[in-house]
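According to full-length UniProt numbering, the stretch in the sequence shown is residues 1 to 130, in order. We treat Cβ as the ideally placed atom computed from N, Cα and C, and that holds for glycine. This report concerns only the one structure given below.
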Amino acid sequence: MNKITNKVTVQKIKPAHTDKRGIIVDILEKVPVKHVGLVTFEKGVVRANHYHKKQTQYTYVLEGEIKLVTQYFGGDKKTTKTTKPGDFVTIPPRFIHAYLATKKSAVIVLTDYSRDMKGYEEDTFRVKLI
Numbered sequence: 001m002n003k004i005t006n007k008v009t010v011q012k013i014k015p016a017h018t019d020k021r022g023i024i025v026d027i028l029e030k031v032p033v034k035h036v037g038l039v040t041f042e043k044g045v046v047r048a049n050h051y052h053k054k055q056t057q058y059t060y061v062l063e064g065e066i067k068l069v070t071q072y073f074g075g076d077k078k079t080t081k082t083t084k085p086g087d088f089v090t091i092p093p094r095f096i097h098a099y100l101a102t103k104k105s106a107v108i109v110l111t112d113y114s115r116d117m118k119g120y121e122e123d124t125f126r127v128k129l130i
């Protein structure tokens with residue numbers, strides 16, 4: 001089970017370039033992206049509590065602090081990780097995921113599957129994880 005659980009990754013992304021004007025961060029490369037969204041959280045808000053059969057979801061934390069809880073669908077081991085600005089999360093298909101904002105937060109979400117309402121709902125399966 002640990003092998004499956006370890007497929008959800010959280011990594012800190014370092015700037016690709018920094019100078020007096022600011023920084024450039026390469027968030028995602030060489031992956032087909034069909035949706036990019038901005039999601040905000042008030043402190044204490046829970047979002048997600050679902051999984052996708054086909055979609056891989058990528059989350060880049062812009063601000064705040066979010067507790068990420070994941071569990072492989074059909075598995076019994078939950079994994080919890082606190083994410084902070086600059087963290088990049090990869091959630092493969094079939095991983096239940098839920099976010100709990102411990103501070104007011106904002107993330108960018110990128111997916112490789114259509115987020116139009118029909119496509120999103122057909123590949124979203126609600127499960128209460130937290």
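- With 16 or more other Cβ atoms inside 10 Å of its own Cβ, Val61 counts as buried.
- A Cβ-Cβ distance of about 7 Å is found for the pair Gly37 and Arg115, placing them in contact under the 8 Å criterion.
- Proximity of the stretch 39-52 to the stretch 13-22 falls short of the contact definition, fewer than three beta-carbon pairs being nearer than 8 Å.
- By the Cβ test, the stretch 82-91 is in contact with the stretch 49-59, since at least three Cβ pairs between them sit closer than 8 Å.
- From the listed residues Lys84, His52 and Lys14, the smallest Cα separation to Gly119 is found for His52.
- Pairing Val107 with Gly86, the inter-Cα distance amounts to about 10 Å.
- Ranking Leu129, Val25 and Arg126 by CA distance to the CA of His17 puts Val25 first.
- Assigned with DSSP and collapsed to three states, Tyr120 falls in helix.
- DSSP, reduced to helix, strand and coil, places Glu65 outside both helices and strands of the structure shown, so it counts as coil.
- Beta-bridge partners of Ile91 (DSSP): Gln57.
- Annotation: His50 to Ile130 spans about 10 Å, alpha carbon to alpha carbon.
- If you look at Arg47, you'll find it in the beta strand (DSSP E) that goes Val46 to Tyr51.
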